[in-house]
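Sequential numbering from 42 applies to the sequence shown in this note's numbering.
Where is the CB? At the ideal position from N, CA and C, for every residue including glycine.
Predicted model, so just to flag it, every value in this text is computed and none were measured.
Okay, so here's the structure we're looking at.
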Amino acid sequence: MGKLKYGIILTLVFMMGWSCSSPKYHVNTVEKSRILIDSRYDASPDAEAAAFLAPYKHTVDSMMSPIVGKTARYMAAARPEGELSNLLADILIWGAKNFNETPDFAVYNMGGIRAAFAQGDVTIGDVIDVAPFENKISFVTMKGEDAIELFGQIAKSFGQALSHGVELVITADGKMASVKINGKEIDPQGSYRVATLDYLAQGNDGLTAFKKGTDRVMPSANENNVRYIIMDYFREQTAQGKVVDSEKEGRVIVQGNPNFRVSH
Numbered sequence: 042m043g044k045l046k047y048g049i050i051l052t053l054v055f056m057m058g059w060s061c062s063s064p065k066y067h068v069n070t071v072e073k074s075r076i077l078i079d080s081r082y083d084a085s086p087d088a089e090a091a092a093f094l095a096p097y098k099h100t101v102d103s104m105m106s107p108i109v110g111k112t113a114r115y116m117a118a119a120r121p122e123g124e125l126s127n128l129l130a131d132i133l134i135w136g137a138k139n140f141n142e143t144p145d146f147a148v149y150n151m152g153g154i155r156a157a158f159a160q161g162d163v164t165i166g167d168v169i170d171v172a173p174f175e176n177k178i179s180f181v182t183m184k185g186e187d188a189i190e191l192f193g194q195i196a197k198s199f200g201q202a203l204s205h206g207v208e209l210v211i212t213a214d215g216k217m218a219s220v221k222i223n224g225k226e227i228d229p230q231g232s233y234r235v236a237t238l239d240y241l242a243q244g245n246d247g248l249t250a251f252k253k254g255t256d257r258v259m260p261s262a263n264e265n266n267v268r269y270i271i272m273d274y275f276r277e278q279t280a281q282g283k284v285v286d287s288e289k290e291g292r293v294i295v296q297g298n299p300n301f302r303v304s305h
């Protein structure tokens, strides 16, 4: 027992001495960057990691490989406007019918779009790559003046994904010049139903105007995740013998530079 006590005391003394003499570090700066994880890394996989994952690969592949539809072209998200970003906003409008909703427009955030669709077959795995987050479709009513504020916030980032019928013009320095919904200017005293993601409806991603919304419908069930709504859209188009297509149509225009394009 005495030896044990002695050993414990020595250990404590050593630890105290080490902690007193060890250097103290402080974080001075933090830098970040995005690293796109895509097929470029498939050419030279880490052998040890590949061996570890091998027993699970077949199961995962069988879950991710079923085809849900086809695309007519390569589709990517881009600011101020891209084929994929347009498509995803339109899918929110399409999915609203399952909730007995008829939104006036939809907003899907660019940060939530994490990949592109290649031309041709689209699998479950492809959809998950595009929409990997646990974002649920949501609906909110906004006063016209608050909707105008929302589009002003969207203009600051030179665009988010907006549905068909929206015409947003942005100045070269990121201010809203004008906005129309289905060919009409927004009535500041009017009321507008918006389809979006729960993440945005809570006022995130700089779109704080959403916090002023009312009559919120934010279904929390897992099947209301936007990735499943996207899959259902592709399946319906396939059942109708259609190939999914989308194009840029001038939903968001930056003044002085109609070809303005930045990565999202």
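Beta-carbon spacing of residue i, residue j below 7 Å
i: Q296; j: A213; result: yes
i: I227; j: A188; result: yes
i: A236; j: I134; result: yes
i: E124; j: E288; result: yes
i: K177; j: D239; result: yes
i: S232; j: T182; result: yes
i: L129; j: Y149; result: yes
i: G166; j: M105; result: yes
i: R120; j: F192; result: no
i: S179; j: A250; result: no
Buried versus exposed, by CB contacts within 10 Å (16 or more), residue i
i: I76; result: exposed
i: L51; result: Its pLDDT being 48, under 50, L51 is placed unreliably in this model, and the value from its coordinates should be taken loosely. The residue in question, L51, is exposed, as its Cβ has fewer than 16 Cβ neighbours within 10 Å.
i: G48; result: Only weak support is given to the placement of G48: the predicted model assigns it a pLDDT of 48, under 50, and the value that follows is read from those uncertain coordinates. When all chains shown are included, G48 counts as exposed.
i: G224; result: exposed
i: E72; result: exposed
i: S204; result: buried
i: Y20; result: As displayed, the chain neither begins before 42 nor continues past 305, which places residue 20 out of reach and without an answer.
i: Q261; result: It should be noted that the sequence gives Ser, not Gln, for residue 261. Label assigned to S261: exposed.
i: P173; result: exposed
i: N298; result: exposed
i: A84; result: exposed
i: G136; result: buried
i: S304; result: For S304, the pLDDT reaches just 43, beneath the cut-off of 50, and the residue's location in the model is therefore unreliable, although a value from the coordinates is still provided. Burial call: exposed.
i: G110; result: buried
i: N69; result: exposed
i: S126; result: buried
Beta-carbon separation (whole angstroms), residue i vs residue j, contact threshold 8 Å
i: E175; j: N266; result: 6 Å
i: R234; j: D145; result: 5 Å
i: T36; j: I211; result: What is shown of the chain runs 42 to 305, which leaves residue 36 out entirely.
i: E122; j: V285; result: Actually they are not in contact, since the Cβ atoms of E122 and V285 sit about 18 Å apart, beyond 8 Å.
- request: Examine the Cβ distances between the region 111-121 and the region 254-274 and report whether three or more of them are shorter than 8 Å.
  value: no
message: At 3 residues or longer, what runs of the beta strand (DSSP E) sit wholly inside the region 241-290?
response: 255-258
message: As an exercise, report each continuous beta strand (DSSP E) stretch of at least 3 residues that is fully enclosed by the region 184-226, in chain order.
response: 207-211 and 217-222
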